[in-house]
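Heads up: the structure comes next, in structure tokens.
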Amino acid sequence: MRKYLLYLILTISAFTACKKEDDPVFDQSPDARITAALNKYQQELVNAPYGWKGLIFPKGVPRSVFGFYFQFNDNNRVSMLADFDAGTASTLKESSYRLKALQQPCLLFDTYSYVHLLSDPDAGVNDGAYGAGLSADFEFSLDSISGDTIRLTGRFNKCEAYLVKATRQEQADYLGQQRNRDFEHITDFLTYWKRLTAGGKQYDIIINKSGHIIRFIWLDESGARQEFETGFYYTPKGVAFAPAFTDGGQTIAGIENTSWDESNQLIRGTANGENVTIAGFSQPLAPEKEGPRRWWEQGRSLSYWVAPFGFHSNGVDDAFGLETLPGYYFMGLWPQYDGSPYDLLGFVTVEGNEAALRYGPAFREPTFSADGRVGFTYYGYLGTFPPDQTPITRTRLQLTDAAGYYLVQIGPLAWDMVSARDGKTWITWFK
Amino acid sequence: MKTISTLLFCISLALLAACSKEDDLGEIEDIPGLGGDTWTPGPLDHWLYDTLTVPYNIAVKYKWDQFEFELNKVLVPPKEEKVIPVMSAIKKVWINNYIEEAGLTFFKKYSPKFFILSGSASWNENGTITLGTAEGGRKVVLYLLNDFRTKDMPGYEPDDSLNVKQMFHVIEHEFGHILHQTIMYPQEFKQISTGYYTGNWNNISDAAARQDGFVTAYAMSAYDEDFVEMISMMLVEGKAGFEKIVNSIPPGTSINGMSQADARARLRRKETMVVEYFKTVWKIDFYSLQAKTRKTIDQLLY
Chain A
0 MRKYLLYLIL TISAFTACKK EDDPVFDQSP DARITAALNK YQQELVNAPY GWKGLIFPKG
60 VPRSVFGFYF QFNDNNRVSM LADFDAGTAS TLKESSYRLK ALQQPCLLFD TYSYVHLLSD
120 PDAGVNDGAY GAGLSADFEF SLDSISGDTI RLTGRFNKCE AYLVKATRQE QADYLGQQRN
180 RDFEHITDFL TYWKRLTAGG KQYDIIINKS GHIIRFIWLD ESGARQEFET GFYYTPKGVA
240 FAPAFTDGGQ TIAGIENTSW DESNQLIRGT ANGENVTIAG FSQPLAPEKE GPRRWWEQGR
300 SLSYWVAPFG FHSNGVDDAF GLETLPGYYF MGLWPQYDGS PYDLLGFVTV EGNEAALRYG
360 PAFREPTFSA DGRVGFTYYG YLGTFPPDQT PITRTRLQLT DAAGYYLVQI GPLAWDMVSA
420 RDGKTWITWF K
Chain B
0 MKTISTLLFC ISLALLAACS KEDDLGEIED IPGLGGDTWT PGPLDHWLYD TLTVPYNIAV
60 KYKWDQFEFE LNKVLVPPKE EKVIPVMSAI KKVWINNYIE EAGLTFFKKY SPKFFILSGS
120 ASWNENGTIT LGTAEGGRKV VLYLLNDFRT KDMPGYEPDD SLNVKQMFHV IEHEFGHILH
180 QTIMYPQEFK QISTGYYTGN WNNISDAAAR QDGFVTAYAM SAYDEDFVEM ISMMLVEGKA
240 GFEKIVNSIP PGTSINGMSQ ADARARLRRK ETMVVEYFKT VWKIDFYSLQ AKTRKTIDQL
300 LY
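Next comes the structure, spelled out in structure tokens:
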């Protein structure tokens, strides 16, 4: 019995002989480490001698990017410029920031600044969605510092962002009010098709101006159609692409020294040290051959497409004056209207408080040509037209133009339909 | 056997005691963020402190803190240049007038103590926007500061007066709640519109609500809301404005079968009870408070 007890005591003592040393993985407490991290970032932000260039990629608009210039001081104040519009690009705005430990070290822009323009839930501010804006962020976790770059991730929408130390020259350019936004004239071309010639190659470019997105379309050596979409932002010298455009052989990070030549309908600039041009063309370089059919089928599954502003022609919006129609609300295209074999170009008007589809010309099922065009043939009409039919007639005649149309998808539910006659007339269908 | 047990006990005790190790808690005096956010105070912080915190113990949070808001809402912080105009307008319209009518002690005792500011409106799923909320008689959240414009601010349009009035409406409304939660209004108030309260108020227009004897559609949601909506609307719209509301009820009957005369009479009875409540409970001359409040609003907007 005594023996067992001794064994028991021995066992107990073996187990209870405790190890007194705490051996943490880190040599400092979490609080000490996060304080150190916050201090490190604070020092980095404040001590960059020429400020920071910043890029924010809003989550709500894939591939979109906006450019910033920041100067942080150690009184929780930040001054910034943004390429949002001409005003924000030239007026230095001061607001407040702070670093805070929120699970990770975080950088918060905590009073309204240009950063918040992208997040503002009022779509009137940023062309985004009501209640969401562009789904960008103004609270960022500080992920890492490497070299001159701080990587950030938005806390709410998880949008990506970078801060890159500016050089002395860049600071001088930003603060010296040197601005080059001539690239904005890309929407002043009379033709829909704009072709970039760079390094001996040609690319059609499709621009989403408010969304800061550029799409390159070209034919590769084998003659196959290629597309590349990326974000663009304005720099003091022109535009930069983030990430840079590459067609496999040639990489273009941006176009500098841009200038708009209205009389020749030309944007000139330099890329990779060589002169490049953007010129208007009446025909696309590489139309999407299946585009028209995809557009028509999608419209049929959605029931109809909407085009409230009608045709844009020769630089004039609503060229046929749809807005002058009595009670005009919008024009739509109903492929195979209500199960019939024809497509209806219907006009919806508001009378009293009710919107209704009241009249419109109808067309036979469109013809789709092998080179990527769609054509419409007049069939008849429905409803009673208003006394002055001119806007409707002109729209119908335009639509039945024998040259037909190319289709360019510009969003999940949005297409541009461009006249194949001269590329100067187009209409945007969306839902 | 007994000695063994004692021995055993002693040994275990010794073993356990040997295990007392000191746990170092680390540098507890240096936990980041402990005690709230800090930043270098600027002129705006000084103004708020001197104007609202020192005299009335009211704190104003204008720097972004997501946790003060609903976490699923997209909001942005206010523009710094809007904070002083908004808070000084609130001081003029709400604080000063109540103090004049009811005294400083009354105001300090009952006023909400914590204002949270948002730059944008709070967008709801159904496309409507919220311009103000309050919690527990202590915290008031004001939205849409970035669109706040009074007549002496550049870019003022008559439309802006709606935002400004709405902001005062929220504050007067919430302060009304604090008052009746402190001392309840008479039971008879609840009987004026019994049977007409509905959870469906958000599908009813203000005009339709008035035909049923309510000052706004929101007043139809509950007795308490009815009571404070009366306070708030009467103060913000003024006596003439309230008369206009009563007179706007058209002849005929509402869809709930209430006649024009009946609807007007009910609004009048509510008005009387509110005035009476302020007089007997708080010793406040409501019509005088109303005149002053409306006058200051007029000075800001028209």
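In order, the protein sequence lines correspond to chains A and B.
For what it's worth, numbering that gives the first Met the number 0 labels the leading residue of the first sequence as 0, then goes sequentially.
For what it's worth, numbering that gives the first Met the number 0 labels the leading residue of the second sequence as 0, then goes sequentially.
Even for Gly, the Cβ is constructed at its ideal location relative to N, Cα and C.
When secondary structure is reduced to three states using DSSP, R292/A falls in the helix class. T229/A sits in a strand when the DSSP states are folded into three classes. Put simply, the CB of P249/B is far from chain A, with every gap to its CB atoms at 7 Å or more. Contact annotation for D205/B against chain A: no contact, minimum CB-CB distance about 18 Å [criterion: below 8 Å].
Residue-level contact check: S117/B does not touch chain A, since none of the beta carbons of chain A fall below 7 Å from its beta carbon. The Cβ atoms of P77/B and L51/B do not sit closer than 7 Å to each other. When rounded, the separation of the alpha-carbon atoms in K269/B and W333/A is 55 Å. As the crow flies, the alpha-carbon of A208/B is around 13 Å from that of A221/B. Membership of A239/B in the alpha helix (DSSP H) is indicated by the continuous run 222-246.
For P185/B, no chain A residue has a C-beta closer than 9 Å to its own C-beta; the minimum C-beta separation is roughly 42 Å. In chain order, K62, W63, P76 make up the part of chain B whose C-beta sits under 7 Å from the C-beta of D109/A. Q408/A sits in a strand when the DSSP states are folded into three classes. Think of a sphere of 7 Å around the beta carbon of N74/A: the chain B residues whose beta carbon falls inside it are T39, in chain order. Ranked by Cα distance from I185/A, the first of I212/A, Q176/A, T166/A is I212/A. Taking a contact to require three or more Cβ pairs closer than 8 Å, the segment 99-107 of chain A and the segment 177-193 of chain A do not qualify as touching.
In this structure, T234/A sits away from Y49/A, with a CB-CB distance that is not shorter than 7 Å. Short of 6 Å from the beta carbon of F137/A, and not among the five residues preceding or following it, lie these beta carbons of its own chain, in chain order: F108, V114, H115, S118. With respect to the C-alpha of E322/A, the residue from Q388/A, L80/A, W304/A, G410/A having the closest C-alpha is Q388/A. For a cut-off of 8 Å, the C-beta gap from G212/B to A262/B is around 4 Å, short enough to register as a contact. Taking Y380/A as the centre and dropping the five residues before and after it, the same chain places the C-beta of Y358, G359, P360, A361 closer than 8 Å to its C-beta, in chain order. Of the candidates I89/B, L178/B, L234/B, E236/B, I89/B places its Cα closest to the Cα of L144/B. If you look at F56/A, you'll find it in the beta strand (DSSP E) that goes 51-56. Using a Cβ distance threshold of 7 Å, G326/A and V349/A count as a contacting pair.
When beta bridges are read from the DSSP output, S145/A appears opposite T148/A. When N274/A, R178/A, A278/A, T257/A are compared, the shortest CA-CA separation from N263/A is found for A278/A. Distance from the CA atom of G41/B to the CA atom of K92/A, rounded to whole angstroms, is 16 Å. Of all residues in the segment 81-98 of chain A, the ones placed with a Cβ closer than 7 Å to any Cβ belonging to chain B are S94, S95, R97, in chain order. Taking a C-beta distance under 7 Å as the contact criterion, L162/A and G53/A qualify as a contact pair. The beta carbon of C158/A is closer than 6 Å to those of F56, P57, K58, A135, D136 in its chain, skipping five residues each way along the sequence. Within the same chain, and ignoring the five residues on either side of F114/B in sequence, the residues whose Cβ sits closer than 6 Å to its Cβ are V59, V139. Not one beta carbon of chain A lies nearer than 7 Å to the beta carbon of W46/B.
Using beta-carbon distances, E79/B counts as an interface residue toward chain A, with a partner under 7 Å. In this structure, DSSP gives I391/A a helical state, which the three-state scheme calls helix. Contiguous alpha helix (DSSP H) elements confined to the segment 74-132 of chain B occur at 79-89, 95-101, 103-109, taking only those with 4 or more residues. Among the residues of chain B, those whose CB is under 8 Å from the CB of S118/A are V73, V75, following chain order.
The bridge partners DSSP lists for C105/A are K99/A, S140/A.
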